[in-house]
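Line order of the protein sequences matches chains A and B. Using numbering that gives the first Met the number 0, the first residue of the first sequence is number 0, and each one after it goes up by one. Using numbering that gives the first Met the number 0, the first residue of the second sequence is number 0, and each one after it goes up by one. Think of the CB as a built atom: it goes at the ideal place given N, C-alpha and C, for glycine as much as any other residue. This structure is a prediction, so every number in the text was calculated from the model and none was measured. These notes concern the structure reproduced below.
There are 2 protein chains.
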Amino acid sequence: MVDREAARERVLDAAQELFYSRGIQAVGMDAVRNASGVSLKRLYQLFPSKEALVLEFLQQRDSRWQRALADYVEAQPTPEERIAAVFDWLHKWFCEPDYRGCAFINSFGELGAVSPEVAEQAQQHKRAFHDYLARLVKASGRPAKLADQLALLAEGAITTAAIFGTPEIAHQARDAACLLMHTHPGPDLPQLRR
Amino acid sequence: MVDREAARERVLDAAQELFYSRGIQAVGMDAVRNASGVSLKRLYQLFPSKEALVLEFLQQRDSRWQRALADYVEAQPTPEERIAAVFDWLHKWFCEPDYRGCAFINSFGELGAVSPEVAEQAQQHKRAFHDYLARLVKASGRPAKLADQLALLAEGAITTAAIFGTPEIAHQARDAACLLMHTHPGPDLPQLRR
DNA sequence: AACATCGGAGAACGTTCGTTCTCTCAACTA
DNA sequence: TAGTTGAGAGAACGAACGTTCTCCGATGTT
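Spelled out as structure tokens, the structure:
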């Protein structure tokens with residue numbers, strides 16, 4: 000194994016799988032090594048410590064998550080449909096067989112009290128999601144307040160689906176989101192207002 | 000220390016404080032012993048293992064939490080006010096200086112993948128909360144669907160307040176809850192319909 | 001062919017932690 | 001008073017884990 004980048008990638012792939020499915024403290028560096036096929040020596044050349052690996056795991060998860068969501072949502076033409084698509088995407092996510100909730104909420108519960116870096120990562124992730132929703136809401140010409148409410152519904156769905164393993168919760172969240180959306184004014188015509 | 004019950008109480012009080020504020024895996028039995036003043040020997044007479052202590056900690060937390068919520072909510076006269084009071088109580092909870100989110104969500108993130116008992120406790124707690132909301136909603140004469148949506152808002156508020164440390168999120172959740180409540184029919188007269 | 005370099009496998013080290021054991025002493029009983 | 005019981009303090013034990021080190025073989029260079 001000569002390729003440093005390929006090794007990094009294999010380690011991070013293994014970290015994604017292991018940390019997400021079992022939790023961070025439940026996964027030892029030996030497990031990462033076995034799952035990635037990268038020797039301990041090399042592993043510590045690539046990441047100076049487990050904590051560094053954890054932080055990169057979180058950052059990578061954040062960017063992959065954001066991209067997956069945006070790719071799905073932006074296939075919709077109108078702002079209203081895009082907002083609803085957020086919840087459809089959640090449903091798709093919840094249906095993944097190894098869905099176990101939001102890695103950031105989980106990490107925060109596990110290490111947030113003891114690791115400011117992890118707490119910070121969780122905040123960044125949630126802030127990015129909220130900002131994304133806020134942009135969609137603004138594009139639909141509705142008040143920013145709506146974005147806060149949609150974010151609450153989404154967060155609630157994420158943890159409820161994790162604990163009960165019931166993806167349909169995303170549909171309930173979607174219904175509630177649509178109700179709230181129609182409660183708030185929005186431009187009178189669905190399209191073209193400027 | 001002759002009194003077995005008093006010792007149990009001190010241990011569980013220490014466990015509440017420590018497990019909630021730092022997380023379960025971050026707290027060793029030595030810390031519980033120091034905080035409670037109960038010797039290790041006695042500790043293991045009272046609880047056969049750390050896992051047993053953790054499970055009792057969760058059960059006790061569940062019953063305390065449910066009682067505190069119900070006591071607050073039931074001071075309100077009408078079903079509608081009671082539903083809103085749930086979110087007011089959340090705000091009160093979020094304002095506690097050592098608020099760190101829902102102990103069950105945190106424990107689930109930490110141990111849910113590795114301990115079916117912990118996952119089960121989290122489900123029970125959430126189910127109890129959902130059922131409580133469902134009773135309030137039913138008493139207001141509104142469709143059960145509303146309870147699901149209110150639960151999502153509450154869960155979202157709980158985790159968002161934990162990660163950002165912003166108790167005001169409870170007010171946003173309350174506002175959204177009121178909007179959803181007024182969206183759903185309910186009896187035409189606020190009182191007396193049979 | 002001799003040598004240097006590098007990486008892999010996994011042993012080793014030091015620490016932490018859950019759990020048990022030992023030692024000691026105080027309180028109660030005959 | 002002698003002996004028994006039980007509790008506390010903390011040492012001890014065994015496992016797990018993060019991190020480092022050793023050994024060895026493969027590869028590439030001259």
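Closer than 8 angstroms by C-beta to A/T159: which residues in its own chain qualify, once you throw out the five before and the five after it? Chain order, please. The residues are T165 and I168.
Let me make sure I understand the geometry here. Which of A/A133, A/A175, A/Y131 and A/A102 has the alpha-carbon closest to that of A/A118? Among A/A133, A/A175, A/Y131 and A/A102, the Cα nearest to that of A/A118 belongs to A/A102.
Select from the stretch 21 to 54 of chain B all residues with a C-beta closer than 7 angstroms to any C-beta belonging to chain A, and list them in chain order. Taking 7 angstroms as the cut-off between beta carbons, the residues of the stretch 21 to 54 of chain B near chain A are R21, G22, Q24 and A25, in sequence order.
Cutting at 6 angstroms between CB atoms, please list the residues of its own chain near A/L57, excluding the five before and the five after it. Answer for A/L57: Q120, listed in chain order.
Between A/V72 and chain B, is there a C-beta pair that is closer than 7 angstroms? By this cut-off, A/V72 is not an interface position.
By the 10 Å Cβ neighbour count, where 16 or more other Cβ atoms means buried, how is B/K125 classified, buried or exposed? So B/K125 ends up on the buried side.
Pick out whichever of A/G155, A/A30 and A/R21 has its Cα sitting closest to the Cα of B/G100. Nearest of A/G155, A/A30 and A/R21 to B/G100, Cα basis: A/G155.
Does A/E109 come out as helix, strand or coil in the three-state DSSP assignment? Helix, per DSSP.
CA nearest to the CA of B/Y181, picked from B/I82, B/R63, B/K49 and B/C94: Checking the sequence shown, residue 181 of chain B turns out to be His, not Tyr. Nearest option by C-alpha distance: B/I82.
Can you find a CB in chain A that lies within less than 7 angstroms of the CB of B/T158? Contact with chain A is found for B/T158, since one of that chain's Cβ atoms lies less than 7 angstroms from the residue's Cβ.
Kindly indicate which residue of B/R41, B/Y19, B/F107 and B/S35 has the alpha-carbon position closest to the one of B/R3. Closest option to B/R3, Cα to Cα, is B/R41.
Let me make sure I understand the geometry here. Which of A/N33, A/E80, A/R7 and A/G22 has the alpha-carbon closest to that of A/E55? Per the Cα distances, A/R7.
For the alpha helix (DSSP H) that contains B/V72, what are its first and last residues? K49 to V72 is the span of the alpha helix (DSSP H), which, as asked, contains B/V72.
Does the Cβ of A/V113 have 16 or more other Cβ atoms within 10 Å, making it buried, or fewer, making it exposed? Under this definition A/V113 is an exposed residue.
Between B/T182 and chain A, is the shortest Cβ-Cβ distance under 7 angstroms, so that the two count as touching? Interface residue, yes.
Find out if the Cβ-Cβ distance for the pair B/A176, B/L149 is shorter than 7 angstroms. A distance below 7 angstroms separates the beta carbons of B/A176 and B/L149.
Any C-beta of chain B sitting closer than 7 angstroms to the C-beta of A/I162? For A/I162, the answer is yes, since a Cβ of chain B falls inside 7 angstroms of its Cβ.
Proximity to A/A69 [Cα-Cα], best of A/R60, A/E79 and A/V85: It is A/V85 whose Cα lies nearest to the Cα of A/A69.
Residues of chain A with a CB under 7 angstroms from the CB of B/Q148: which are they? For a Cβ distance threshold of 7 angstroms, residue set Q171 and A175 of chain A lies close to B/Q148, ordered along the chain.
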